[in-house]
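Chemist:
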Amino acid sequence: MRPLLALALGLLAFPALAEPQLDKLTLPKGFHIAVYSDRTPNAREIALGAKGTVFVGSNDAGKVYALTDSTGSGKADKVRVIATGLQLPVGVAFKNGDLYVSAVSKIVVLRDIENHLDDPPKPEVVYDKFPTDTAHGWKFIAFGPDGKLYVPIGAPCNICDKGKDYAKLTRLNQDGTGLEDVAYGIRNTVGFTWRPGSNDLWFTDNGRDLLGDDLPSDELNRATRVGEHFGYPYCHQGDTLDPEFGKGKNCKDYTAPVLKLGAHVASLGLRFYEGKQFPASYKGALIVAEHGSWNRTKKSGYRVMTVRLNGNKVVSYEPLIEGFMQDEKAWGRPADVQPLPDGSLLVSDDEAGAVYRVTYQAK
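For the sequence shown, the numbering used here gives the first residue as 30, with consecutive numbering after it.
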């Protein structure tokens, strides 16, 4: 890419965004939240580069951002647009110097990206045969302990039975070969991660709509082997048969969720916290972003939650950040979380177009 073109790409004007209302957020005692960047429209998945670059995907903006904190101040002092014109590039995953990006039917890669932030390479297509449906077609992506890239294929509907072509999790090699199915019965996962030291995959799944305010619950699931089926579209939340597609089915035939997260909370990104900055009770806990409901009489979600575990059993599910919604009106919507090497935590917000940094200091 020519230097002038790269400069123009990296310094594109950002649209005016609502100011994040941090004074309305509540966190446990000792925790603090600050803006890491407020120039990331539609901010979604967060990935970390080997040199400290924070990569952020987006949805409608069609852009991928690179955030750098060159002074160590705890706030990004430079925001670059390193890719543009992509279709719903929600997912970003960093591996061996390269940044992989999802774009509905495609996975593209930006090679050696941290050495070319000011002159980003043209995205290379790694794989381009995923479905073109945009309903649940945006994709959170991540590399697993096996070195493979995991990519979901969401159901292209609220509720339907498309066999094993949709509603599943797949994986493929870094070069785009070897696509295979990993798990089935997953309506729309927009967040998954692996427990450190194991191959167990933990993921959120968004439940179907139009069964009322309180059914079904979103799910926190744990996959321990290839081929498990998590119920959709036949069984929801591990114990509720679908009124149409559940006829003749038994929920006992499917893997039940580890935790019911609540109806319509739109649970998205999640990560295990392994840092040392937060209190010891957070070590090994899952941090989950709840994007918030869109069709519930009384809105739910719009918060960041902590799932504490004893082994593989949930012992508590408590708020880490609340206040993105005030009087049934949301000014922010958490989309993903990402711990940093210093033990702080980043949170993306696609409503306010921001990334926040959560820190802890005992008093």
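Glycine residues also receive a C-beta, built at the ideal position from the N, C-alpha and C atoms.
(1) Roughly how many angstroms separate the alpha carbons of L115 and V121, rounded to a whole number?
(2) Let me know if E225 comes out buried or exposed under the rule of 16 or more other beta-carbons within 10 Å of its beta-carbon.
(3) What distance in whole Å lies between the Cβ atoms of V343 and L288, which are believed to be in contact at a cut-off of 8 angstroms?
(4) I need the straight-line Cα distance from L375 to V119, nearest angstrom please.
(5) Can you list, in chain order, the residues of its chain whose CB lies under 6 angstroms from that of G126, leaving out five sequence neighbours each side?
(6) Looking at C-alpha atoms only, which residue of E74, Y65, V110 and F84 is the closest neighbour of G101?
(7) Taking the alpha-carbon of E347 as reference, which of M354, L338 and Q355 has the nearest alpha-carbon?
(8) Can you look up E74 in the DSSP assignment and give me helix, strand or coil?
(9) To which residues of the same chain is F172 closer than 6 angstroms at the C-beta, ignoring the five residues directly before and after it?
(10) Taking C-beta to C-beta, are A364 and H320 nearer than 7 angstroms?
(11) Could you tell me which of D378, L369, G382 and S377 sits nearest to D98, measuring between CA atoms?
(12) What residue range is occupied by the uninterrupted beta strand (DSSP E) comprising R337?
(13) With DSSP collapsed to three states, give me the class of S99.
(14) Report yes if the CB atom of A252 is closer than 7 angstroms to the CB atom of A212, and no otherwise.
(15) Measuring from the CB of P348, is there a heavy atom of the ligand FMN at a distance below 6 angstroms?
(16) What does the Cβ neighbour count give for R254, buried or exposed, with the cut at 16 atoms within 10 Å?
Modeler: This is what the structure holds:
(1) The straight-line gap from Cα to Cα measures roughly 12 angstroms.
(2) The residue you asked about is not Glu; residue 225 is Pro in the sequence shown. Burial is judged here by how many other beta carbons sit within 10 angstroms of a residue's own beta carbon; P225 has fewer than 16 and is exposed.
(3) Between V343 and L288 the Cβ distance is about 5 angstroms, and since that is below 8 angstroms, they are a contact.
(4) Approximately 16 angstroms, taken between the alpha carbons.
(5) Counting only Cβ-Cβ distances below 6 angstroms, and skipping sequence neighbours, we find D141.
(6) Of E74, Y65, V110 and F84, the smallest CA-CA separation from G101 is found for Y65.
(7) Taking only the C-alpha atoms, the option nearest E347 is L338.
(8) E74 falls in the strand class under three-state DSSP.
(9) For F172, where only same-chain residues beyond five positions count, the Cβ hits under 6 angstroms are A122, K124 and L178.
(10) Contact check for A364 against H320 passes: the beta carbons are separated by less than 7 angstroms.
(11) It is L369.
(12) That run of the beta strand (DSSP E) goes R332 to N339.
(13) Under the three-state reduction of DSSP output, S99 falls in the coil class, being neither helix nor strand.
(14) Yes. Within cutoff.
(15) This structure simply doesn't include the ligand FMN, nor any ligand for that matter.
(16) Exposure of R254 is indicated by the presence of fewer than 16 other C-beta atoms within 10 angstroms of its C-beta.
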